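Contents: one structure, followed by commentary.
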Amino acid sequence: MSESVFGTIGGEQGVRALVDRFYDLMALDERFAGIRAMHPVNLDSSRDKLFWFLCGWLGGPDHYQSRFGHPRLRARHLPFPIGSSERDQWLLCMAEAMRDRGIEGALFDRLLEAFHGTADWMRNRPG
Ligand code: HEM
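Structure below.
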């Protein structure tokens with residue numbers, strides 16, 4: 145992502161608000177119960193890690209890499225069984241979080257496509 149995407153969605157504050165909405169929805173909405181159940185009871189560290197990661201992924205400061213080194217995202221997701229259903233739950237949850245944060249139009253489409261590519265690559269079981 146170019147640096148402008150990070151700026152357009154409001155820099156660190158915007159990314160934090162998006163991540164918070166994403167995990168609030170995951171916890172509240174039954175449609176996301178399948179992926180919620182894979183996460184720890186307390187979502188604080190999940191929120192922090194996704195926030196740190198997305199800052200860099202969206203073109204801002206690379207907080208995740210400076211703490212943990214290379215993300216190796218696919219390897220880090222191998223303990224969790226991820227098929228198309230889990231991928232689609234994650235993407236719908238993120239799409240709704242983006243809408244709730246007022247991300248729309250071409251930027252919404254571009255981000256959803258990029259999230260789709262990453263989420264699809266995370267699948268590690270058929271179906
Ligand atoms: C495809 C569906 C996905 C599922 C079911 C899923 C699920 C999970 C779970 C259960 C964790 C562990 C949470 C924790 O340790 O607190 C996790 C960690 C993480 N996920 Fe995902 N995830 C998915 C897709 C994605 C995508 C698309 C991204 C990035 C765009 C992402 C980024 C991360 C990051 C950065 C972590 C923290 C890794 C670490 O340092 O341990 N995930 N994910």
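Mapping of the sequence shown onto our numbering: residues 145 to 271, in sequence order. From the three backbone atoms N, C-alpha and C, an ideal C-beta is built for every residue, glycine too. On a predicted model such as this, the values are computed, not experimentally measured, just so you know.
Exercise for the section: At 4 residues or longer, and completely inside the stretch 147–200: list those alpha helix (DSSP H) runs for me, N to C. Expected result: 147–152, 155–172, 177–180
Problem - Cβ neighbour criterion (16 or more within 10 Å) applied to W265 - result: Here residue 265 is taken as the residue at index 121 of the sequence shown, counted from 1. By the neighbour-count rule (16 or more Cβ atoms within 10 Å), W265 is not buried but exposed.
Exercise for the section: Name the residue from G249, S189, D253 whose alpha carbon lies nearest to the alpha carbon of Y167. Expected result: Your numbering for residue 167 matches position 23 in the sequence shown. Nearest C-alpha to Y167: S189.
Handout entry: Backbone CA spacing between D173 and R165 [nearest angstrom]
Key = Here the question's residue 173 lines up with position 29 in the sequence shown. Here the question's residue 165 lines up with position 21 in the sequence shown. In a straight line, the C-alpha of D173 is about 12 Å away from that of R165.
Problem - L222 classed as buried or exposed, judged by whether at least 16 other C-beta atoms fall within 10 angstroms - result: Indexing the sequence shown from 1 puts residue 222 at position 78. Its Cβ having fewer than 16 others within 10 Å, L222 is exposed.
Exercise for the section: Quick one: residues in its chain with C-beta nearer than 6 Å to the C-beta of L187, no 5 flanking neighbours on either side, listed in chain order? Expected result: Within the sequence shown, the letter at position 43 stands for residue 187. Closer than 6 Å at the Cβ level, and outside the excluded window around L187, lie Y167.
Practice task
Would you kindly report the start and end of the unbroken alpha helix (DSSP H) that includes L202?
Solution key: Here residue 202 is taken as the residue at index 58 of the sequence shown, counted from 1. Here L202 belongs to no alpha helix (DSSP H), and DSSP marks it neither H nor E.
Problem - Pick from G249, N268, S148 that is closest to R218, judged by C-alpha positions - result: For the purposes of this step, residue 218 is taken as the residue at position 74 of the sequence shown. Checked all of G249, N268, S148; the closest Cα to R218 is N268.
Handout entry: Residue from S148, E156, V163 with nearest C-alpha to D244
Key = Translated into positions along the sequence shown, residue 244 becomes position 100. It is V163.
Handout entry: Alpha-carbon to alpha-carbon, A258 and E230
Key = The residue labelled residue 230 in the question sits at position 86 within the sequence shown. The residue labelled residue 258 in the question sits at position 114 within the sequence shown. For E230 and A258, the distance between alpha carbons rounds to 17 Å.
Practice task
Decide if M182 is buried, meaning its Cβ has at least 16 other Cβ atoms within 10 Å, or exposed.
Solution key: As a first step, residue 182 must be located in the sequence shown, where it is residue number 38. Its Cβ having fewer than 16 others within 10 Å, M182 is exposed.
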